[in-house]
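Below you'll find the structure, written out as C-alpha cells, and then a few comments.
There are 2 protein chains.
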Amino acid sequence: MAGRVTIQDVAAAAGVSPSSVSNLLNNRVDKMVPATRQRIERAIAELGYRPNRAARQLRSGRTQTLGLVVPSVGNPFWGAFAREVEVAALKLGGNVLLCNSERDPGRERRYVEELWEDGIRGIILCTSLPSLDHVADVIEDGLRLVTFDRPAQANDPRSVVSISIDNQVGGHLATTHLIDLGHERIAFVSGSLRSVNRSARYRGYCDAIEAAGLSVSEMPVWTGSETGEFGDVEAAGFGRAAAASLFSGEQEPPTGVVAVNDMTALGFCRGLRDAGLTVGTDVSVIGFDDIILADLYDPPLSTVRQPIAEMAQLAVVEASASPGNAAEPGRSVLLRPQLIARRSTAAPVGAVTSSPA
Amino acid sequence: MAGRVTIQDVAAAAGVSPSSVSNLLNNRVDKMVPATRQRIERAIAELGYRPNRAARQLRSGRTQTLGLVVPSVGNPFWGAFAREVEVAALKLGGNVLLCNSERDPGRERRYVEELWEDGIRGIILCTSLPSLDHVADVIEDGLRLVTFDRPAQANDPRSVVSISIDNQVGGHLATTHLIDLGHERIAFVSGSLRSVNRSARYRGYCDAIEAAGLSVSEMPVWTGSETGEFGDVEAAGFGRAAAASLFSGEQEPPTGVVAVNDMTALGFCRGLRDAGLTVGTDVSVIGFDDIILADLYDPPLSTVRQPIAEMAQLAVVEASASPGNAAEPGRSVLLRPQLIARRSTAAPVGAVTSSPA
DNA sequence: TGGATCTGGTGCAACGATGCACTAGACGAT
DNA sequence: ATCGTCTAGTGCATCGTTGCACCAGATCCA
Chain L
0 MAGRVTIQDV
10 AAAAGVSPSS
20 VSNLLNNRVD
30 KMVPATRQRI
40 ERAIAELGYR
50 PNRAARQLRS
60 GRTQTLGLVV
70 PSVGNPFWGA
80 FAREVEVAAL
90 KLGGNVLLCN
100 SERDPGRERR
110 YVEELWEDGI
120 RGIILCTSLP
130 SLDHVADVIE
140 DGLRLVTFDR
150 PAQANDPRSV
160 VSISIDNQVG
170 GHLATTHLID
180 LGHERIAFVS
190 GSLRSVNRSA
200 RYRGYCDAIE
210 AAGLSVSEMP
220 VWTGSETGEF
230 GDVEAAGFGR
240 AAAASLFSGE
250 QEPPTGVVAV
260 NDMTALGFCR
270 GLRDAGLTVG
280 TDVSVIGFDD
290 IILADLYDPP
300 LSTVRQPIAE
310 MAQLAVVEAS
320 ASPGNAAEPG
330 RSVLLRPQLI
340 ARRSTAAPVG
350 AVTSSPA
Chain U
0 MAGRVTIQDV
10 AAAAGVSPSS
20 VSNLLNNRVD
30 KMVPATRQRI
40 ERAIAELGYR
50 PNRAARQLRS
60 GRTQTLGLVV
70 PSVGNPFWGA
80 FAREVEVAAL
90 KLGGNVLLCN
100 SERDPGRERR
110 YVEELWEDGI
120 RGIILCTSLP
130 SLDHVADVIE
140 DGLRLVTFDR
150 PAQANDPRSV
160 VSISIDNQVG
170 GHLATTHLID
180 LGHERIAFVS
190 GSLRSVNRSA
200 RYRGYCDAIE
210 AAGLSVSEMP
220 VWTGSETGEF
230 GDVEAAGFGR
240 AAAASLFSGE
250 QEPPTGVVAV
260 NDMTALGFCR
270 GLRDAGLTVG
280 TDVSVIGFDD
290 IILADLYDPP
300 LSTVRQPIAE
310 MAQLAVVEAS
320 ASPGNAAEPG
330 RSVLLRPQLI
340 ARRSTAAPVG
350 AVTSSPA
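Line order of the protein sequences matches chains L and U.
For the first sequence, numbering that gives the first Met the number 0 puts the final residue at 356, and the numbers step up evenly by one.
For the second sequence, numbering that gives the first Met the number 0 puts the final residue at 356, and the numbers step up evenly by one.
Right under this line is the structure:
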C-alpha cells in the first residue's frame with residue numbers, strides 16, 4: 000500500500016531522529032555531517048518515502064499547489080495556456096488547481112478567496128479587469144498574485160506581478176501588416192473594450208493607422224455594445240455579427256480587418272462567408288493569439304502570436320517564489336508578440352502591390 | 000486575516016466541545032438536540048469559520064479534490080471537457096487538480112500514483128489504452144477510478160467506472176450519414192487504431208458499410224502507422240497527410256471521408272485544399288466530437304457530438320462517491336452520440352440525389 | 001583544569017480536525 | 001432505593017511533519 004512510510008520509519012531506518020530527516024527534507028543541511036546525510040538519503044530511497052502533503056501543509060502552512068484561474072479552459076487559447084502552466088508547475092514539483100471564472104468578477108473573487116483559505120499562496124489569475132480591488136484583501140494578507148494577459152495598472156497592489164505580451168505592439172504589428180499589404184480602409188473588431196489588453200491592442204491599431212497618414216475617425220471600428228457580454232465562447236458570435244454589420248452596405252466596407260483575437264477573427268470569417276465574400280481575397284483578416292485552429296483554418300489565419308510557453312513558465316516561477324524573498328517588488332513583464340502572416344491576409348483587390356496589368 | 004478561525008473558536012463561541020462541532024460538520028447529527036445544533040450553526044456563520052482542509056485530510060485521509068488526467072488541455076476537446084468537469088466539481092464543493100498525460104502511459108501512471116499518495120481518492124482518467132495494468136495497484140488500494148472516453152474492457156479491475164459515448168454507434172451514425180447522401184466510396188481516417196474508442200468507431204464504420212451492401216475491403220482506410228505518434232496535436236497533421244495520400248492518384252479517391260475526430264477532420268480538410276479540392280463539394284468530410292471549431296470552420300464541419308457536460312457531471316459524481324457505498328460495483332455508462340450535419344457533407348458530385356438531368 | 005564556544009544533532013509541543021470510547025444525567029422498571 | 005437503559009454530548013489520543021529550544025560531547029583558550 001502506497002503512502003504508508005512516514006518520516007519516523009525513515010528516521011528509524013537511518014538511525015537518526017525524525018528531526019534530522021525533516022532537516023534534510025527542508026534543506027537545513029548546513030549542520031549535518033555528510034555521512035549522516037547519506038544514511039538518511041539511502042533510507043528514503045530504500046523505503047520509497049514520500050512526505051505527506053497534508054501534514055506538511057498543516058504544520059508549515061505551505062503548499063506546492065498553485066491556483067490557476069482562467070476565463071474558461073474551454074477556450075482553445077486558455078486551454079493551451081493551462082497546459083503550459085501545468086507543464087511548468089510539474090518541472091518545479093508543483094500541482095495546478097484549475098478554476099474557470101467565466102470572466103465573472105464575483106467568481107474570480109470567490110475562487111481567489113477560497114484558494115487562499117485552503118492554504119494556497121500562489122495564484123495565476125487570468126483577468127482583464129482594470130481593477131484588482133475585488134482581490135485586494137487577500138493580496139494584502141500575503142498572496143502571491145500573478146496576473147496574466149493583463150498589463151500592470153497604476154493602482155495595482157504593489158506586490159502583484161504582471162505577465163503579458165505588449166498588446167499595443169501587437170496591435171501595431173497586425174495593423175501595420177495590413178497597411179504594408181496596401182490596405183487603406185482597415186476595420187478594428189472587438190467585443191467590449193473595457194479590458195486592459197483589448198484597449199491596448201486598439202491603441203496599437205490607432206497608432207499604426209495614424210502613423211500611416213490615415214485617420215482613425217474614418218475607420219470602421221466595431222466594438223459590440225459596451226455593456227454587452229464578455230465571454231470567450233461568445234467571441235466568435237461577435238465576429239460574425241461584426242461582419243454582418245460592416246458589410247451590410249450602410250457604409251463603405253473595409254478591405255482589411257484587425258480582430259481582437261482569433262476566435263473573433265474566425266467568427267468574422269464565417270460572417271464574411273455568410274455574405275458571400277472570400278477571406279484573403281475579397282477581405283483580409285488578421286487575428287490575435289495564434290490558437291491551434293488559426294493554422295488549420297481555411298484559409299490559414301494570419302495572426303499575432305503570444306509566446307505562451309515562455310509566459311506560462313514565468314508565471315509559474317513568480318507564483319511559486321519562496322516567501323523568503325518577501326521584499327521582492329511587484330513588477331510587470333511585457334513580452335514581445337510575433338506576427339504570423341498566413342493566407343487570410345493579402346494585398347487588396349486592385350492595389351498597387353497586386354499583379355501588374 | 001482569513002483562515003484563522005478554528006473549530007475550537009467555534010466550540011467556545013457556541014459553548015460546546017470541539018467534538019460537537021465536528022459532529023455537526025460531519026453530519027453526525029442524529030444525536031444532537033436541535034437547539035445545540037442551531038447554536039453551533041450560528042457560531043459558524045458569525046465567525047465565518049471554514050474547516051482547514053489540510054488538517055481534515057491529515058486526520059481523516061479524505062479530500063474533496065479530484066484528479067483529472069487528460070491527454071492535453073491544449074486540445075480543444077479536452078479543454079472543453081476539463082471545463083465541464085470543473086463546473087461539476089464546483090457544484091459538489093470539490094476542486095480539480097489538472098494533469099496532462101500527453102498520452103504517455105508512463106506519465107499517466109506517475110500522475111495517478113502521485114495523486115493517490117497525495118491523498119486524492121477519486122481520479123478521472125482520460126485514456127484510451129486497452130489495458131489499465133499500469134494503474135492496477137492503486138485501484139486495488141482503493142482508488143475510485145473513472146475512465147472517460149474509454150469503454151470498459153473485459154479485464155478491467157472490477158471497481159472501475161467507465162463513461163463514454165457509444166463509439167460504435169457514433170461511427171455508424173457518421174458513416175450512415177454519408178451513405179444516405181449517396182456516397183459509395185467512403186474512407187476512414189485515423190491515427191493508430193490501438194485505442195479502444197477509435198477501434199470502436201472503426202467497427203461502427205465497418206458495420207454501416209457492410210449494412211449498405213458495400214465492402215469494407217474495397218474502402219480506403221488510412222490509419223497512419225500502427226506504431227506512430229498518438230498525440231492530439233499531431234492529429235491535424237495526420238489528417239493532412241491522409242488527404243495527401245488518398246488523393247495522390249495512386250488509387251481511386253473517396254468521395255466521402257469519416258475522420259476519427261474533428262482535429263483529424265480539420266487537418267484532412269486542409270489537405271484537401273492543398274490538393275485543390277473543395278470540402279463539401281468535391282469531397283464530403285465528417286468528424287467526431289463537435290469541438291467549438293467545427294461550427295466555425297469553413298465550411299462548418301459535420302460531426303458526431305459527444306454530450307460532454309452530461310458526461311463530465313456523471314464522471315465527477317462517480318469519482319466523488321463516498322467510500323460508504325464501497326460495495327458499489329464498477330460499471331460502464333455508454334451515452335448516445337448525436338449526429339450534427341453541417342455543410343462539410345453533401346451528396347457526391349453526380350450522385351442520384353443531386354440535381355436531376 | 002575550568003569554563004566558554006562550537007558542532008551535530010535531538011526532544012517535544014504544536015498545526016486543526018476527527019471519531020472512538022466514554023460518561024453525566026434523566027428516566028423507567030422493579 | 002437500586003440497577004439498567006438511553007440520550008446528548010465530551011475527552012483525548014491521533015494523523016505526519018515542522019522547527020525552535022535545547023543538549024551532549026569535542027575543542028579551544030587561559
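C-beta: ideal position from N, C-alpha, C; glycine also.
- Rounded to the nearest angstrom, the Cβ distance from residue 145/U to residue 308/U is 16 angstroms, too far for a contact under 8 angstroms.
- The three-state secondary structure of residue 304/L, taken from DSSP, is strand.
- In this structure, residue 174/L sits near residue 185/L, with a CB-CB distance shorter than 8 angstroms.
- Nearest to residue 166/U by alpha-carbon distance, out of 131/U, 133/U and 207/U, is 207/U.
- Following the DSSP letters along the chain, one finds residue 199/L inside the alpha helix (DSSP H) bounded by residues 195 to 210.
- Per DSSP, the unbroken beta strand (DSSP E) holding residue 143/U starts and ends at 143 to 147.
- Within the region 93 to 108 of chain U, contact with chain L at the beta-carbon level (separation under 8 angstroms) is assigned to 94, 95, 96, 97, 98 and 99.
- No Cβ of chain U is located within less than 8 angstroms of the beta carbon of residue 270/L.
- Assigned with DSSP and collapsed to three states, residue 160/U falls in strand.
- A direct Cα-to-Cα measurement between residue 199/L and residue 193/L gives close to 10 angstroms.
- Under the three-state reduction of DSSP output, residue 270/L falls in the helix class.
- Residue 238/L: member of the alpha helix (DSSP H) spanning 234 to 245, first to last residue.
- Checking the DSSP bridge columns, you'll see residue 283/U partnered with 255/U.
- Minimum Cα-Cα distance from residue 97/U among the listed residues 115/U, 140/U, 253/U and 71/U corresponds to 71/U.
- Contact annotation for residue 37/U against chain L: no contact, minimum CB-CB distance about 24 angstroms [criterion: below 9 angstroms].
- Assignment of beta-bridge partners to residue 331/L by DSSP yields 161/L.
- In this structure, the beta-carbon distance from residue 293/U to residue 263/U does not fall below 8 angstroms.
- Each of 320/L, 153/L, 255/L and 289/L was checked against the Cα of residue 337/L, and the nearest Cα belongs to 289/L.
- Three or more beta-carbon pairs separated by less than 8 angstroms link the region 250 to 264 of chain U to the region 293 to 307 of chain U, which places the two stretches in contact.
- Taking residue 339/L as the centre and dropping the five residues before and after it, the same chain places the C-beta of 289, 302 and 304 closer than 6 angstroms to its C-beta, in chain order.
- Residue 26/L is classed as exposed because its beta carbon has fewer than 16 other beta carbons within 10 Å across all chains shown.
- For the 8 angstroms CB-CB criterion, residue 121/U and residue 168/U do not form a contact.
- Using a Cβ-Cβ cut-off of 8 angstroms, residue 346/U does not count as an interface residue toward chain L, since no Cβ of chain L sits closer than that to its own.
- A residue is called buried when at least 16 other Cβ atoms come within 10 angstroms of its Cβ; residue 311/L meets this threshold and is buried.
- When rounded, the separation of the alpha-carbon atoms in residue 99/U and residue 67/U is 8 angstroms.
- Proximity of chain U to residue 209/L at the Cβ level (cut-off 9 angstroms) is not reached, the minimal Cβ distance being about 33 angstroms.
- Bounds of the beta strand (DSSP E) holding residue 186/L are 185 to 188.
- Residues of the same chain with a CB within less than 6 angstroms of the CB of residue 142/U, apart from the 5 flanking positions on each side, are 115 in chain order.
- The Cβ atoms of residue 177/U and residue 283/U sit closer than 8 angstroms to each other.
- Residue 148/L is a Cβ neighbour of residue 127/L, given a cutoff of 8 angstroms.
- Each residue's CA atom was taken as its position, placing residue 159/U and residue 138/U some 8 angstroms apart.
- In the three-state reduction of the DSSP assignment, residue 260/U falls in the coil class.
- Listed along the chain, the chain U residues whose CB falls inside 7 angstroms of the CB of residue 265/L are 295.
- Rounded to the nearest whole angstrom, the CA to CA distance from residue 38/L to residue 110/U is 28 angstroms.
- Judged by beta-carbon spacing, residue 53/U lies beyond the 8 angstroms limit of residue 92/L, meaning their Cβ atoms are not closer than that value.
- Here DSSP, grouped into helix, strand and coil, assigns residue 64/L to strand.
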